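Okay, so the sequence shown: first residue is -14 according to this note's numbering, each after it adds one.
Shown next, in structure tokens, is the structure this report addresses.
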Amino acid sequence: MAKKISKKGRPKKAVKYTKTINVRLTHDQWVQILNWAQRANLEPSVYIRKIVLDFLNIEHEINTGKSLAKK
-14 MAKKISKKGR
-4 PKKAVKYTKT
6 INVRLTHDQW
16 VQILNWAQRA
26 NLEPSVYIRK
36 IVLDFLNIEH
46 EINTGKSLAK
56 K
């Protein structure tokens, strides 16, 4: 009979992009964001949050050697 493997503890949470970010964009920058978001199949606001928060996470890793996201 095969043993069942049960994981203990809380399930890991997915990264959520829910922070409010105020950004001013020129018309040309907005057009670029729209194009990139369309290629990534994301809404422009979601794409902006994802890119900015990923950048902040990478910057934090470079400065401290630690990740903001818990692994």
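No residue lacks a Cβ here, since even glycine has one placed at the ideal position from N, Cα and C.
Computed from a prediction, not measured in an experiment: that's the story for all the values here.
Helix, strand or coil for residue i, going by three-state DSSP, please let me know.
i	result
R42	Here residue 42 is Asn; the residue named in the question, Arg, does not match the sequence. Helix at N42.
K(-3)	coil
L19	helix
N7	coil
I48	This sequence places Asn at residue 48; Ile is not what is there. Here N48 sits in helix by DSSP.
Do you know how far the Cα of residue j is from the Cα of residue i?
i	j	result
S30	W21	12 Å
H12	I33	15 Å
L10	L27	18 Å
I18	K(-7)	42 Å
L41	R24	22 Å
K(-3)	T49	23 Å
V37	V16	17 Å
K35	I47	18 Å
Going by other Cβ atoms of all chains shown within 10 Å of its Cβ, with 16 needed for buried, is residue i buried or exposed?
i	result
R(-5)	exposed
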